[in-house]
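Asks:
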Amino acid sequence: MKLTSAIALSLLAKSVYGVADHLWYSTSLTNVTDWYNEVTIHSGDEPAGTYFMTNGYDGGYFGIQHNVPNKTVLFSVWDADDGTPTTQQACGSNVVCSTFGGEGTGLHANYNFDWADDTTYAGYIKASPVPGGYTDISGYFQQGSTWVLLATYRRKVDNPYLTGFYSFVENPATLTVNMTREAYYGNQWVRDDSGTSQEMITASLTNTSLNAGDNYGAGVKGSTFFLFINGPTSAIPSNRTLTREATGEEPSWDIGSASTNSGKKKQKKTLKTSQKRSLRNRF
Ligand SMILES: *[C@@H]1O[C@H](CO)[C@@H](O)[C@H](O)[C@H]1NC(C)=O
Ligand SMILES: *[C@@H]1O[C@H](CO)[C@@H](O)[C@H](O)[C@H]1NC(C)=O
Ligand SMILES: *[C@@H]1O[C@H](CO)[C@@H](O)[C@H](O)[C@H]1NC(C)=O
Ligand SMILES: *[C@@H]1O[C@H](CO)[C@@H](O)[C@H](O)[C@H]1NC(C)=O
Ligand SMILES: *[C@@H]1O[C@H](CO)[C@@H](O)[C@H](O)[C@H]1NC(C)=O
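In this note's numbering, the protein residues as written are 63 to 345.
So this is what it looks like as structure tokens:
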């Protein structure tokens with residue numbers, strides 16, 4: 063499987079900041095416009111700093127992080143490969159939208175939300191091709207029965223559709239080495255621009271280099287994948303291609319129209335220099 067620019071950055075970052083392992087989901091669909099995933103944090107296994115990335119794709123990612131002082135939902139879109147800046151089209155209410163720099167540049171949206179373990183949340187990414195070689199990428203988070211829009215960002219692209227579907231668990235810091243971080247990822251679905259949908263039940267496992275004392279692993283429990291750093295066992299599955307049971311429970315997809323908080327906000331310019339922090343916020 064090809065390494066995306068996102069993961070290349072992630073791998074680069076890991077050698078400096080911390081460790082991560084990833085699940086790369088397979089689909090036979092092309093022209094994907096919709097990407098849905100569910101995450102459930104394993105009880106207690108979410109020490110400060112952990113980023114549980116749910117909806118990754120070529121050009122950006124979405125997930126929940128145990129930031130300090132507040133837990134957050136995070137949605138990021140990188141600038142184009144040729145350096146053309148990504149632009150903000152919308153920023154959700156109670157969401158902070160800003161630029162980031164460091165490991166690549168782009169725009170990101172942070173939404174303070176006190177997520178809990180043992181609770182299932184969903185993330186949803188929608189791509190809307192824009193004539194002239196752009197695509198509008200929106201990130202939504204399911205809070206109870208409501209979908210919260212984080213932001214809509216316009217990115218210059220060769221292919222206006224979503225590719226490179228993945229999730230990861232990451233410790234972006236270096237202090238809390240060998241603490242357990244574990245999440246279940248389940249019910250992954252994609253849909254293309256003709257309305258054909260597909261449940262993604264197969265994923266392959268990769269990892270960055272590890273800090274001393276760390277291990278990682280993944281597996282399948284019924285209809286979910288689990289993924290951990292320092293989990294219940296240090297065993298890495300001998301077959302790194304994992305297949306979960308299908309749920310057949312397709313999401314309703316009318317998510318953009320069901321969201322209640324869309325709105326525009328002035329974009330804040332903030333270049334992060336958080337690399338020096340021990341508990342590092344993800345960009
Ligand atoms: C994908 O979209 C392109 C451009 O809109 C189109 O030419 C192509 O036929 C589509 N492919 C499929 C499989 O729908
Ligand atoms: C954290 O949440 C509290 C309570 O909602 C809020 O007052 C504070 O501004 C938040 N801090 C940050 C850094 O977002
Ligand atoms: C993945 O972790 C193993 C240790 O389990 C390590 O040998 C390997 O180098 C890691 N992969 C990468 C790409 O660093
Ligand atoms: C935890 O990690 C530290 C390195 O930061 C190491 O010294 C220690 O031995 C590790 N403990 C265990 C139980 O692996
Ligand atoms: C690994 O598992 C996948 C299904 O999850 C299967 O298709 C493949 O044949 C397996 N590979 C090996 C070497 O057993």
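Virtual Cβ for every residue (Gly too), placed ideally from N, Cα, C.
Report the partner residues of ALA171 according to the DSSP bridge assignment.
Replies: Here residue 171 corresponds to residue number 109 of the sequence shown, with the count starting at 1. Beta-bridge pairing links ALA171 to PHE137 and CYS159.
Asks: Do TYR98 and PRO313 come within 7 Å of each other at the CB atom, strictly closer than that value?
Replies: Numbered from 1 along the sequence shown, position 251 holds the residue referred to as residue 313. Numbered from 1 along the sequence shown, position 36 holds the residue referred to as residue 98. Contact: yes.
Asks: For THR134, count neighbouring Cβ atoms within 10 angstroms of its own Cβ and tell me buried if that reaches 16, exposed if not.
Replies: What you label residue 134 is simply residue 72 of the sequence shown in a count that begins at 1. It is buried - the Cβ of THR134 has at least 16 other Cβ atoms within 10 Å.
Asks: Kindly examine ligand 1 and report whether one of its heavy atoms sits closer than 6 Å to the Cβ of THR264.
Replies: Position 202 of the sequence shown, counted from the first residue, corresponds to residue 264. Incorrect: THR264 has no Cβ contact closer than 6 Å to ligand 1.
Asks: Smallest Cα separation from ALA110: which of ALA142, GLU165, HIS128 and ASP316?
Replies: If you number the sequence shown from 1, residue 110 lands on position 48. Taking only the C-alpha atoms, the option nearest ALA110 is HIS128.
Asks: Taking the beta strand (DSSP E) that ARG216 falls in, what are its first and last residues?
Replies: By 1-based counting over the sequence shown, the position of residue 216 is 154. ARG216 -> beta strand (DSSP E) spans 208 to 218.
Asks: With a threshold of 16 other CB atoms inside 10 Å of the CB of GLU311, please say whether the residue is buried or exposed.
Replies: Taking the sequence shown and counting its residues from 1, the one referred to as residue 311 is at position 249. Under this definition GLU311 is an exposed residue.
Asks: Straight-line CA distance for ASP176 to VAL130?
Replies: Counted from its first residue, the sequence shown places residue 176 at position 114. Counted from its first residue, the sequence shown places residue 130 at position 68. Whole-angstrom Cα-Cα distance: 11 Å.
Asks: From GLY316 to VAL252, what distance separates their C-alpha atoms?
Replies: Along the sequence shown, one-based indexing puts residue 316 at 254. Along the sequence shown, one-based indexing puts residue 252 at 190. The sequence shown places Asp at residue 316, rather than the Gly named in the question. For ASP316 and VAL252, the distance between alpha carbons rounds to 13 Å.
Asks: Nearest-angstrom Cα distance between THR268 and ASP198?
Replies: To locate residue 268, count along the sequence shown from 1; it is residue 206. To locate residue 198, count along the sequence shown from 1; it is residue 136. Going from the Cα of THR268 to the Cα of ASP198 covers about 29 Å.
Asks: Using the C-alpha atoms, what's the distance from ALA184 back to PHE203?
Replies: Within the sequence shown, numbered from 1, the residue matching residue 203 stands at position 141. Within the sequence shown, numbered from 1, the residue matching residue 184 stands at position 122. Rounded to the nearest angstrom, the two C-alpha atoms are 6 Å apart.
Asks: Using the Cβ count rule (16 or more neighbours within 10 Å means buried), how would you classify LYS188?
Replies: Residue numbering aside, residue 188 sits at position 126 when the sequence shown is read from its first letter. The residue in question, LYS188, is buried, as its Cβ has 16 or more Cβ neighbours within 10 Å.
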